[in-house]
Amino acid sequence: MPSRITLECYRDALANANAWRRNPYRGKRPRVKKLSMLLHPGSGYRVKDEYVEIIGEIRMKIIGWDRRYDEYENREARLVYRDGQMVLWIFKRIPRLKPCQPRDVIAIDINERKIVYGDDEINKDIGTAVDRAYRWKLLAESLQRRYSSPRYPAWKRRRGVLNRIRSLLQEGWECP
């Protein structure tokens, strides 16, 4: 194994150990649970045409590649062995977007009964379904209170109670 890859494995192990040390709630010591290693671009791996070449005479064919990020530079890559296959995850450095200046400000107020939005010129409100849902909840609770009995479930045996429950459900699911 080339010395650069050995150094990268050592650096990855040190990073994991230092992250564990900095954690105030340390818990168990870090262990190697899956085979993976960190590679630097140029000295650890190279992307050429249809292949990825890992320093140390290893060539892998590229199966999937997201071409949307080709214009950004390659950063570190993580080589992972999973389910009998080697997968190389290449990270890209995407520059931060420039902060934009807002053209206008909109205020939004979300409450149980209404959602109100607007600015200095417009002011609109949208009603919510909380009032209707609360009404159906009260009706269902009153039916339970009226027809509940410790001896037998009356609402299951009486046709009138069942019809009332059915009509409540049909009214409650209709759109306004």
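In terms of the numbering used here, the sequence shown is residues 230 to 405.
Glycine is no exception: its CB is placed at the ideal position from the N, C-alpha and C atoms.
Is residue i helix, strand or coil by DSSP?
i	result
ALA358	coil
TRP294	coil
GLU300	coil
LYS277	strand
ILE351	coil
LYS366	helix
TYR346	strand
ILE335	coil
SER378	coil
GLY389	helix
GLN330	coil
ARG395	helix
GLU400	helix
According to DSSP, which residues form a beta bridge with residue i?
i	result
LYS321	ASN303
GLU282	ARG275 and ARG288
ARG311	GLN314
Residues in its own chain within less than 8 Å of residue i by CB, not counting five upstream and five downstream?
i	result
LYS366	none
GLU300	none
Just to check my reading of the structure: residue i and residue j have Cβ atoms closer than 8 Å, yes? What is that Cβ distance to the nearest angstrom?
i	j	result
GLU302	ARG322	6 Å
TYR280	MET289	7 Å
LEU308	ILE284	Rounded, the Cβ-Cβ distance is 11 Å, inconsistent with contact.
LYS353	TYR346	6 Å
Skipping 5 residues on each side, what residues in its chain have a beta carbon closer than 6 Å to that of residue i?
i	result
GLU341	VAL359
LEU264	TYR310
What span of residues does the alpha helix (DSSP H) with residue i cover, start to end?
i	result
ILE234	232-251
Along the beta strand (DSSP E) that carries residue i, what are the first and last residues, could you check?
i	result
SER265	265-268
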